Every structure is written in structure tokens, then in C-alpha cells.
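In what follows, a single structure is set out as C-alpha cells and then discussed.
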Amino acid sequence: MAGFLSSVRLTRLIAPQTFRFSRLIHYTPPLNKDFYKILGVPKNASSSDIKKAYYQLAKKYHPDVNKNDKTASQKFQEVSEAYEVLGDEEKRRTYDSFGQSTPGGFSSDSQSHGFGQYSHVDPEELFRRIFKDSEFAFKEWTSGDRNFAESIFGFNRSREVVVNLTFEEAARGVTKEILTNIVVVCPTCEGSRCQPGTGTMACPNCRGTGAETVSTGPFVMRSTCRRCHGTGTVVRYPCRACEGTGQTVGQQQVKIAIPPGVEDGQMLRVSVGDARRSPQELFVTVRVESSRLFRRDGADVHSDVTISLAQAALGGKVRVPGIYEQVLVTIPAGSSSRDRIRLPGKGISRVNGRGYGDHYIHLNIATPKRLTELQRALLLAFAETETDLKGSVDGVASTESALSYLHRTIVKLTSDGQGSKEQVFSSTSSSKPNESSPGDEVPRGSYTTEEGDSWFSRLSDGAKWAVTAAKRAIGK
């Protein structure tokens, strides 16, 4: 009997210790959870970045859109736990101060700071509370049968469209009209969410106060009612057309004013829809086609123009297409290929509204590939008089003087019936009054010819100058 009593006493003494020991084993916390890592944000992330990260992950791992993924529900629970802590400033401060150093930290079984209840948070309730979802919109989102614009993430959120523009439209600005899906007020209930002929009732969840008490572990807070979203009323008979959302998705022609100076890939934010009842923003991405005439460098525009050999040497004028109109450009005498002419203020309007860029005209000199006999003679005569020539010119180093050859060619062409005098010199530039002419050393009106040169009087001024210069050069 004594042995039995001793056994009982020993059991009574040992049992409580064994019981406590078993509790300690059962409640040993698992590894700490890094909520920042779960949400994929740095520790210095802003509140908006944390909410955005939760939004993306919650949408990605929601069980109703991952019905075949068994791990999605667990990941959805984890991101909900993480946001429950990091989404609240006070809880986040506590987590940042003690979460990594206290026993158990913020793990799901920790009791030290009262965060042990986070593993029991209803992710669906958190999901609805954060985004203020209505039961009808949430049901439609999870069913996957509705347009994205009508879903929980679609109301009052932007849609992106792409608008194609020509180079000129982007430079000058244009108004484009596009057909797109936007959220519009339900035409049946006119936004009331109620079936026509019915109204709302006091919210049974908050009894019409618009607020409710939410208990999260040891924390008790007063927050907006999750059912009525603070309105204090709920819909008794939802509108069948929009299922109580008050909004539907419809196609609508939208006019988009594209400002001058937009660039390829630039995104514009445009307000669409009813500004009072269903305000929305449309993000417009601009795609600008390349131009065969213009190249762009910021607000500056570059284009090319081809000029003749005579225009490059003697100067002149040429009309070129501009961004806004045709432009008459003056070519300086002695221009070279790759020279450029600047037209101030003829470029593209700066997006900030501070003036316009410049238009740069790049010159390209077209070298004639086929020469008439007269053109060849003129060029040979010109080459013979060059003083800074490097190398040689074919045809110049001959026994006959190039100027003599020029004179002989002119006489030959005008005397052997190869064409009228006007045709022979049709390509020769004529001089105009009060305008400088090549070879000013031959005074105007002093053309000297041999008696019998009756054809000379019918030549153009430019041809007369060429003949006279040639005759003087060879002493005739």
C-alpha cells in the first residue's frame, strides 16, 4: 500500500512537469516568416508599394483563378498574412522592431506580440476589406465570365490602348477617335444598383452606422463596414441588368486629343466616362510611324535635299517640305555635300510648351552622270582654270586648250545643224539684271564677235559670256 501511495505521489509530482514539457514541445514556433520577402518588397518600401505588391500577388494566387494549383491557396494565405502586418503602420513598426529578434518573432504560432492569430486571418475577408469589393462584383470576377473592366480590379481603373500616328500627326498634334470598352453607368438602374421600383435598406451588419468592430488577435479596431462600405445601406433587390454593381461595360467612341510633339512609346493619360458617376482614366500609348522625309532628334527635325552642281557652286534657292509648310531655302555659294542649313523655330513643338525646335536641311550634291558635249566643254574649261586642283582631270591635259575646245565646240554645235541655238544653250544659266555672273571680267554689253557670226546675237547671256570668255582666253 505504501508503495502504491509512493507511486501515486511520484506520479502527481511528475505529471504536471511532463504536461508542461509537452506543451512546450507542442508550441515550439516554426521558422520566422519574412513578410517583406513574401511580398517581394524591400524593407523601406512605401505603403503604396506594399499594397501594390499585395494586389498583384493576391490576384495571381487567388484560389478561384488557380483551381488546378493546390499550392495557390497556401500562397494566397501567406501574402494575406504578410499584408495584414505590413499594411498596418503600427503593426509594421512592431514587426520591424521585434519581429526578427524575439523568440518566435512574427511566426504564425508566436504568442509574444499577439501575432499568432495572423495565421487564422480570413484571406477572403481581407481581400474584400482592402479593395472594398461588393459581393456581386467579386462573384463576377471569380466566375471569369465578365469583362476585366467590370471586375473588382476594373472599376474606376485605367485601360490601355495603342494609337498609331504618322510622323506629321505626332509633330503637329491631332485628335483621334477610337472605339474602346469603358465602364458606363447602368442604363437600367441608372447607377442606383437597385431593381427599378425598389430601394435600399439599412445594413444589417452595422445596423446602419456604416462602421463595425473588427477583432484581429489582441487588436480591436473600428473600421468601415465590409458589407455596406460605410454607406449604412445595402441593396435589397439588386438590379438584374448589372447585378447590383450600378455599372456595366460598354463600347464608346472616345476622342483623344494628342498634343503636338509626342514621341514614339510615350504614354498619355486621358479622362473618359462620366466624370461624376463613373470617372475613369485611359492610358494611351503612342506609336509613331517613321517618315521617309524627316528624322527626329528631340524637338529638332532633320531632312535632306538634293541640289545641282551649279547650285552648290554658284548658290541659289530650293523649295523643301517642312513640318508645317513648304519652305524656300537659300543655298549659299560654295556649298558642299553634308553641309546643313538651319531653319530656326521650324522644328517640333516642345512638349513642355517652351517654343519649337529647329529644322536642319542637309545638302546632297547630285553629280551629273551624262553630259552633253557643251556641258563637257564647259566643265573642261572650268577644270583648266582651277588652281587648287589635286590630281588631274581627264581630258584637260591635252594638246588643245580647253578654252579653245570650248569655243570650237560652241561654233560647231551652232553651225552643223545639230540643233537651234536655243536648244544648244538651253542648259546654260542665263544672267539676270543686277545679278553677279561668272566671269565678271567680261563687261556686260561688250560682247565682241567676228563679223559674220549672226548666230551670236540669238544666244542667251550665259552662252554669250562663255563664247566671249573662251575667245578672249585664246586670243581670238
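In UniProt numbering, the protein residues as written are 1 to 476.
From the three backbone atoms N, C-alpha and C, an ideal C-beta is built for every residue, glycine too.
Only a predicted model underlies this, so the values are computations on that prediction, with no experimental measurement involved.
Within the segment 160 to 233, the beta strand (DSSP E) runs of at least 3 residues that lie entirely inside it are, in chain order, 174 to 185, 200 to 202, 211 to 216 and 219 to 224. Measuring C-alpha to C-alpha distances from residue 193 to each of 242, 251, 178 and 177 identifies 242 as the nearest.
For residue 262, the three-state secondary structure derived from DSSP is coil. Put simply, the segment 365 to 374 does not touch the segment 319 to 327. Fewer than three CB pairs are less than 8 Å apart. Each residue's CA atom was taken as its position, placing residue 307 and residue 365 some 5 Å apart.
Taking C-alpha positions only, residue 198 is separated from residue 189 by approximately 10 Å. Linking residue 281 to residue 341 through their CA atoms gives a straight-line distance of about 44 Å.
Of 389, 311 and 357, the smallest CA-CA separation from residue 368 is found for 311.
DSSP places residue 48 in the uninterrupted alpha helix (DSSP H) bounded by 47 to 61.
In the DSSP assignment, residue 294 falls outside any beta strand (DSSP E), carrying neither H nor E. Counting along the chain, residue 323 sits inside no alpha helix (DSSP H), nor does DSSP assign it H or E at all.
When secondary structure is reduced to three states using DSSP, residue 338 falls in the coil class, being assigned neither helix nor strand. 393 is the residue among 346, 297 and 393 whose C-alpha sits nearest the C-alpha of residue 377. Of the residues assessed, residue 234 falls on the buried side of the cut-off, its CB having 16 or more other CB atoms within 10 angstroms. Looking only at 362, 384, 79 and 348, the smallest Cα-Cα distance to residue 168 is reached by 348. Pairing residue 171 with residue 286 gives a Cβ-Cβ distance that is not under 8 Å.
Judged by DSSP in its simplified three-state form, residue 287 adopts strand. DSSP places residue 272 in the uninterrupted beta strand (DSSP E) bounded by 267 to 272. Between residue 210 and the set 80, 222, 66 and 263, the nearest pair of CA atoms involves 222. DSSP places residue 36 in the uninterrupted alpha helix (DSSP H) bounded by 35 to 39.
Taking C-beta separations shorter than 6 Å and ignoring five residues to either side along the sequence, the partners of residue 299 in its chain run 347, 348, 350 and 357, following chain order. Comparing alpha carbon positions, the residue from 177, 245 and 263 closest to residue 186 is 245. Ranked by Cα distance from residue 51, the first of 283, 85, 73 and 68 is 85.
The bridge partners DSSP lists for residue 366 are 308. The C-beta distance from residue 178 to residue 159 rounds to 11 Å, too long to meet the 8 Å contact threshold. The beta-bridge partner set that DSSP reports for residue 389 is empty. Each of 345, 40 and 212 was checked against the Cα of residue 203, and the nearest Cα belongs to 212.
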